[in-house]
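>
Numbering (our numbering), first residue to last: 436 to 811.
#1: Which same chain residues, not among the five before or five after residue 460, have their C-beta less than 6 Å away from its C-beta?
#2: Applying the criterion that 16 or more other CB atoms from any shown protein chain within 10 Å of the CB defines a buried residue, is residue 532 buried or exposed?
#3: Using the beta-carbon count (16 or more within 10 Å), is residue 667 buried or exposed?
#4: Could you tell me which whole beta strand (DSSP E) segments of length 3 or greater appear in the stretch 598–668?
#5: By DSSP, does residue 693 sit in helix, in strand, or in coil?
#6: Kindly indicate the opening and closing residues of the beta strand (DSSP E) around residue 546.
#7: From the DSSP output, read off the bridge partner residues of residue 524.
#8: From the DSSP output, which residues share a beta bridge with residue 592?
#9: Report the rounded CA-to-CA distance for residue 530 versus residue 546, giving the unit in angstroms.
#10: Using the C-alpha atoms, what's the distance from residue 650 back to residue 751?
#11: Just to confirm before moving on: does the CB-CB distance between residue 590 and residue 672 stay below 7 Å?
#12: Measuring only the C-alpha atoms, how far is residue 445 from residue 773?
#13: For the candidate residues 442, 506, 569 and 608, whose alpha-carbon lies nearest to that of residue 463?
#14: Please report the distance separating the alpha-carbon of residue 630 from that of residue 447.
What follows is the structure, given as structure tokens:
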């Protein structure tokens, strides 16, 4: 059954999960966290929606969203600069500003109720920005309709330790795919079905849900709806078996970037038929000095490399000085590494300046983080 997702609107939550990586979200949203030498995390759900035929997307903000606005612009890079539908940035306040900023997903939905009401699409796709995946949402919509579900939740399956599970929602699923048990941030370890924070809901059902939860002062979707109502509502799980990365801390952010050194994973995330779009920055090609040496690294345009770089991700405009040795590092946009520096397991945010003859060493379990705009 072929279904076009023009019958579905998209909602992207740009700020949920900010607290899991406070170093990177101190001055930006989760959605605008840089990834993979040239992308932002919001590029993945937004591109997936566009590639699935969704032409109306609302981005729900909360705080620190200046860089997000700068990145998204009018939505032209995603072909969402349209007179009808297109990309809309939805502010964190609803009709009643006295409530202040929303506390959870349901309160965020309450604040954008008018946007949902104004669209005639039959279904709503909701997604957070902390999952890196290339996915066709039409398959999930087909599954949702086939099951006659009220809510369909996309989940993955894997082995997790107790610390990882403190940031996840885990599900029990019966033989028909219906969710029959829900654990919120369980202090356990082992094999679990865990939410990928992607949901499909009927628009009218969602509007009724928003009205009910608002009248009961409920604000948490996972707790107040999925956990407490899974016996009342038809909530189904759609298991995704493909490759994805879920960002729930600085270590998972580091490993997700390092995973791009694997060609097969890059091929799955960035297939030609389903590109991931991002804001274009017109830089010159990367420049390599005569004494430079680069191995197993991702190097964006605008970089200037005169030292040795191995197993690294270099964002646009990063510079590595003469005689510098950089291993297992993530250097974000316009980072400057001076001559004769040695860096190993370092994450530098944007516009960091590391002077000459400096040494910074972390480990795979504890990478060193250098804040945005720092001088070392």
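Positions of the beta carbon are idealized from the N, C-alpha and C atoms, including for glycine.
A quick look at the data gives this:
#1: The residue given as residue 460 occupies position 25 in the chain shown. Counting only Cβ-Cβ distances below 6 Å, and skipping sequence neighbours, we find 453.
#2: The count along the chain shown starts at 1 and reaches residue 532 at position 97. At residue 532, the pLDDT of 48 sits below 50, so the modelled position is not reliable and the matter cannot be decided from this model.
#3: By 1-based counting over the chain shown, the position of residue 667 is 232. Exposed: under 16 other Cβ atoms inside 10 Å.
#4: 604–608, 614–619 and 625–637
#5: The residue given as residue 693 occupies position 258 in the chain shown. Three-state result, residue 693: helix.
#6: If you number the chain shown from 1, residue 546 lands on position 111. First-last for residue 546: 540–546, but that is the alpha helix (DSSP H), not the beta strand (DSSP E).
#7: In the chain shown, the residue the question calls residue 524 occupies position 89. DSSP output for residue 524 lists 494 as bridge partner(s).
#8: The residue you call residue 592 lines up with position 157 of the chain shown. Answer is 628, bridged to residue 592.
#9: For the purposes of this step, residue 530 is identified with residue 95 of the chain shown, where counting begins at 1. For the purposes of this step, residue 546 is identified with residue 111 of the chain shown, where counting begins at 1. Because the pLDDT of residue 530 is 49, which lies under 50, any placement of that residue in the model is unreliable, and the number read from its coordinates should be weighed accordingly. The straight-line gap from Cα to Cα measures roughly 7 Å.
#10: Counted from its first residue, the chain shown places residue 751 at position 316. Counted from its first residue, the chain shown places residue 650 at position 215. Rounded to whole angstroms, residue 751 to residue 650 spans 48 Å at the Cα level.
#11: As a position in the chain shown, residue 590 is number 155, starting the count at 1. As a position in the chain shown, residue 672 is number 237, starting the count at 1. It is a contact, given that the beta carbons lie within the stated cut-off.
#12: Residue numbering aside, residue 445 sits at position 10 when the chain shown is read from its first letter. Residue numbering aside, residue 773 sits at position 338 when the chain shown is read from its first letter. Answer to the nearest angstrom: the Cα atoms are 44 Å apart.
#13: The residue labelled residue 463 in the question sits at position 28 within the chain shown. That would be 506, whose Cα lies nearest to the Cα of residue 463.
#14: Mapped onto the chain shown, residue 630 falls at position 195. Mapped onto the chain shown, residue 447 falls at position 12. Each residue's alpha carbon lies about 16 Å from the other.
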